[in-house]
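Structure, as structure tokens:
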Amino acid sequence: KPLSRRGAPHSPRPQPSAQGGGSGGRWRLGPHPHLVAPGLPTRRVRQCQLGHMSGLRVWRQALLALLVGAPPRAVLSQETVPTGCFNYGYKFTPALQNVTGMPYILGNILECQQKCRSTAGCFHFAYWFGNKECWLGDLQSKMVRALTKGVLCGPAYCPEEPPACTAIPGPGFPASTDEATRAAWPGGEQPTNLQCWPRQLGGFPDRCHSRMATVLEDTAAGWPGRCDNLRRIDDLEPGETCQLRCFNSALCGVWSVENISQNGVPACWHGMNGMNCYKGSGLTPMRAQRIMHGTFRVLMNTMGMQIMNLTRAFESNEANTVKDGIRRCRKTCLSYLFCQFWQYSNVWGCWIEDPSAKKTAYPLVNNGVDMVTEVDTANTVKAGEYIQHFCGNEPEVPLPTDSPITGAAAAPMTGRAALAGVNNAHKTLGGEDGNPEDVAAGTMEAGSMVQGGIPTWASILIGFAIALCVVVLGIAIWITVIEADKPGTRGGKFGRPGSSRMSSMSSGGDSRASSFASEAQPFMHGSFGSHMPQSFQMQQQAGGYPGGMPPTSHSLAGQAAQFLHWNQPQGYNHMHSQPPQNHHNWM
Numbered sequence: 001k002p003l004s005r006r007g008a009p010h011s012p013r014p015q016p017s018a019q020g021g022g023s024g025g026r027w028r029l030g031p032h033p034h035l036v037a038p039g040l041p042t043r044r045v046r047q048c049q050l051g052h053m054s055g056l057r058v059w060r061q062a063l064l065a066l067l068v069g070a071p072p073r074a075v076l077s078q079e080t081v082p083t084g085c086f087n088y089g090y091k092f093t094p095a096l097q098n099v100t101g102m103p104y105i106l107g108n109i110l111e112c113q114q115k116c117r118s119t120a121g122c123f124h125f126a127y128w129f130g131n132k133e134c135w136l137g138d139l140q141s142k143m144v145r146a147l148t149k150g151v152l153c154g155p156a157y158c159p160e161e162p163p164a165c166t167a168i169p170g171p172g173f174p175a176s177t178d179e180a181t182r183a184a185w186p187g188g189e190q191p192t193n194l195q196c197w198p199r200q201l202g203g204f205p206d207r208c209h210s211r212m213a214t215v216l217e218d219t220a221a222g223w224p225g226r227c228d229n230l231r232r233i234d235d236l237e238p239g240e241t242c243q244l245r246c247f248n249s250a251l252c253g254v255w256s257v258e259n260i261s262q263n264g265v266p267a268c269w270h271g272m273n274g275m276n277c278y279k280g281s282g283l284t285p286m287r288a289q290r291i292m293h294g295t296f297r298v299l300m301n302t303m304g305m306q307i308m309n310l311t312r313a314f315e316s317n318e319a320n321t322v323k324d325g326i327r328r329c330r331k332t333c334l335s336y337l338f339c340q341f342w343q344y345s346n347v348w349g350c351w352i353e354d355p356s357a358k359k360t361a362y363p364l365v366n367n368g369v370d371m372v373t374e375v376d377t378a379n380t381v382k383a384g385e386y387i388q389h390f391c392g393n394e395p396e397v398p399l400p401t402d403s404p405i406t407g408a409a410a411a412p413m414t415g416r417a418a419l420a421g422v423n424n425a426h427k428t429l430g431g432e433d434g435n436p437e438d439v440a441a442g443t444m445e446a447g448s449m450v451q452g453g454i455p456t457w458a459s460i461l462i463g464f465a466i467a468l469c470v471v472v473l474g475i476a477i478w479i480t481v482i483e484a485d486k487p488g489t490r491g492g493k494f495g496r497p498g499s500s501r502m503s504s505m506s507s508g509g510d511s512r513a514s515s516f517a518s519e520a521q522p523f524m525h526g527s528f529g530s531h532m533p534q535s536f537q538m539q540q541q542a543g544g545y546p547g548g549m550p551p552t553s554h555s556l557a558g559q560a561a562q563f564l565h566w567n568q569p570q571g572y573n574h575m576h577s578q579p580p581q582n583h584h585n586w587m
């Protein structure tokens, strides 16, 4: 049955009246009662039917889009569902007892929700897109991650103000048990991934119409943009640019234009989560940008703890300083719509959540398996956050589009223009919500972009240091020559094997080069080496992840850690061995 909504599209959110109703803000399903509490923020609804395709086909199209990084076009329904109410990829357990006919075969998620409302004792429901099964749960049912794909769950009645979209956890989060962790949240459940992001009726993430794109990094501002994990786009419409397609695609986090063209048109590349963009082996772009869709909230500071099952985005040696590494790591997560956790270790580099590779625990429990603290790897985490991507109700922000690229890079954007429209209205535990630069508060001018390369003052200082070294080396050589000519001295003037200390130094360059050279693809893992802590030298298991079980005596027993994949980078021994006590010391 088609949905309808009274009220003009993009109209201000209706205010509830004294009787609990709002003017023009109710959702209806045919003659049935309200499906959503009055005043719930909703998206524009366009009349559309899913009768021409099965739910399985819809889900396959959505899943394909998640894997390749480009949403299917003209396939899914454009109807949307209430924001902040439903959970995608989760179910409630156990199922409701003493009911007949379950599972029910129903047409869509809203019909399943209505079935829950009309069934005595039902408080929760779960709906499978593939076979259209609807399962019901009682008040004691708990939300867990589903083992099968294509499932959605939610409450019988959507709250007017979904707590998942406004609340932050209490001081007990993450707790040592599931029950205590859930209780630390005002709504009794930890928010799920993209719970507060607009979705189409088929489950696919919708666009954020109020804030479709914010530029985080730009080759016009010094960003190298040599990202791995991109996919070539060959079906741009007439007048459509590579940049505009990415801005209009909710899952596109990086776009790039390469000067390899067919018929005079440069090649366009998109990616959900561009990796290794600073020293990667990807293309050398004419122009590229990393962007963020919508805005975000900071739910928790994760400095000094180690969240398991994250994926490495880049190594610590790819940043000039720890501060630069922190900024880049945060922006990598902000640009990836499915990323909730990011952590930067001054030893192991940048790690972000990537559900396509591995899934973090839900709910997050501090049990030494899902996450650990007070161990060496956790102490190297100098910054990190648990964030929530969401689409607010702010006035629409214009897209920061460039002129079409026809063979040369577009005009540079200033840092302030590139970050225009970022919401700085809210404050939470980790810093300033919606502001990609807040992690660097006090160290960068407002609105400035992270610049690639070495700053001018650093170049001057390095040049002075090199000149000083040359002078000192010349004096040392002169003294050596004088001493060599004296009676009784051993060795000779240059050239005798072993006569120079420099001859004993390795000429092989950086010891990390060989282990990193083969990592052209973002999810390929290097081999373990002699620099790894002994307890972390584990065997590789099927599926490409470091594996097996750590020694049972180790605090990581039961699950492989995400910081254990590669050789330990050298040259960072001067960094702090303990995490700063205040998150402002990230800088």
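Taking the UniProt record's numbering, the leading residue of the sequence shown gets 1, the next gets one more, and so forth. Don't be surprised by glycine CBs; every beta carbon is placed ideally from N, CA and C.
query                                                                                                                                                           : result
Can you tell me which residues form a DSSP beta bridge with S256?                                                                                               : W269 and A288
Considering E385, what are the terminal residues of the beta strand (DSSP E) in which it resides?                                                               : V381 to F390
When DSSP builds the beta bridges, which residues end up paired with K91?                                                                                       : V144
Could you tell me which of S176, Y344 and P155 sits nearest to A319, measuring between CA atoms?                                                                : Y344
Here's the rule: buried if 16 or more other CB atoms are within 10 angstroms of the residue's CB, otherwise exposed. What is S176?                              : exposed
I'd like the span of the beta strand (DSSP E) that includes G349, first residue to last.                                                                        : G349 to I352
CA-CA distance, R330 and S356?                                                                                                                                  : 19 Å
Per DSSP, which one or two residues make a beta bridge with A126?                                                                                               : W135 and C153
Starting from I307, trace the beta strand (DSSP E) in both directions and tell me its first and last residue.                                                   : M305 to I307
How is T373 classed by DSSP in three states: helix, strand or coil?                                                                                             : strand
Do you know how far the Cα of A250 is from the Cα of L396?                                                                                                      : The residue asked about is misnamed: residue 396 is Glu in this sequence, not Leu. When rounded, the distance between both Cα atoms is 16 Å.
Do D228 and N259 count as a contact pair if the criterion is CB distance below 8 Å?                                                                             : no
Tell me the DSSP secondary structure of N301 in three-state form.                                                                                               : strand
Note down, in chain order, each residue of its chain lying with its Cβ closer than 8 Å to the Cβ of W59, except the 5 sequence neighbours on either side.       : The predicted model places W59 with a pLDDT of 43, which falls under 50 and marks its position as unreliable, so this point remains unresolved.
Quick one, which of D218, V375, Q289 and N393 has its alpha-carbon nearest M305's?                                                                              : V375
When the Cα atoms are used, what is the spatial distance from G463 to Y90?                                                                                      : 57 Å
Which class does A313 belong to by DSSP, given the choice of helix, strand or coil?                                                                             : strand
For L299 and P169, which I take to be in contact (beta-carbon distance under 8 Å), what is that distance rounded to the nearest angstrom?                       : 7 Å
What are the partner residues of F464, as DSSP defines its beta bridges?                                                                                        : For F464, which the question treats as bridged, DSSP gives no partner whatsoever.
CB C112 to CB C158, shorter than 8 Å?                                                                                                                           : no
Tell me whether S345 sits in a helix, a strand or coil according to DSSP, three-state version.                                                                  : strand
Alpha carbons only, please: which of C242, L364 and G474 is nearest the one belonging to H401?                                                                  : One point to set straight first is that residue 401 is Thr, not His, in the sequence displayed. When only C-alpha atoms are compared, the closest one is C242.
Should G548 go down as buried or exposed, given a rule of 16 or more other Cβ atoms within 10 Å for buried?                                                     : Here the model assigns G548 a pLDDT of 29, short of 50, so the residue's position is not dependable, and the following value carries that caveat. Label assigned to G548: exposed.
Sort out for me which residues DSSP pairs Q113 with in a bridge.                                                                                                : Paired residue(s): none; Q113 is not in a bridge.
What residues match up with D402 in a beta bridge as DSSP calls it?                                                                                             : BP columns for D402 are empty, so no partner.
Quick one: using the 10 Å Cβ neighbour count with 16 as the cut-off for buried, is I352 buried or exposed?                                                      : buried
Using C-beta distances below 8 Å, list every residue in its chain close to N87, excluding the 5 sequence neighbours before and after it, in chain order.        : M143, L152, C153, G154, T192 and Q195
Write down the C-beta distance between K132 and L106 rounded to the nearest angstrom, noting that I regard them as a contact closer than 8 Å.                   : 6 Å
Should S210 and G392 be called a contact, given that it needs their Cβ atoms to be closer than 8 Å?                                                             : yes
Mind checking whether A180 and G188 have CB atoms under 8 Å apart?                                                                                              : no
P398: buried (16+ other C-beta within 10 angstroms of its C-beta) or exposed?                                                                                   : exposed
If you follow the beta strand (DSSP E) that I168 is in, where does it begin and where does it stop?                                                             : Where I168 is concerned, there is no enclosing beta strand (DSSP E), given that its DSSP letter is neither H nor E.
To which residues of the same chain is G488 closer than 8 Å at the C-beta, ignoring the five residues directly before and after it?                             : Low local confidence applies: a pLDDT of 41 at G488 is under 50, so the model's placement there is unreliable, and no value is given.
I'd like the list of long-range same chain contacts for P163, defined as Cβ closer than 8 Å, with 5 residues on each side in sequence excluded.                 : W185, P186 and G187
Would you report the Cα separation of N346 and F314, rounded to the nearest angstrom?                                                                           : 11 Å
Count the other CB atoms, across all protein chains shown, that sit within 10 Å of the CB of C246; report buried if there are 16 or more and exposed otherwise. : buried
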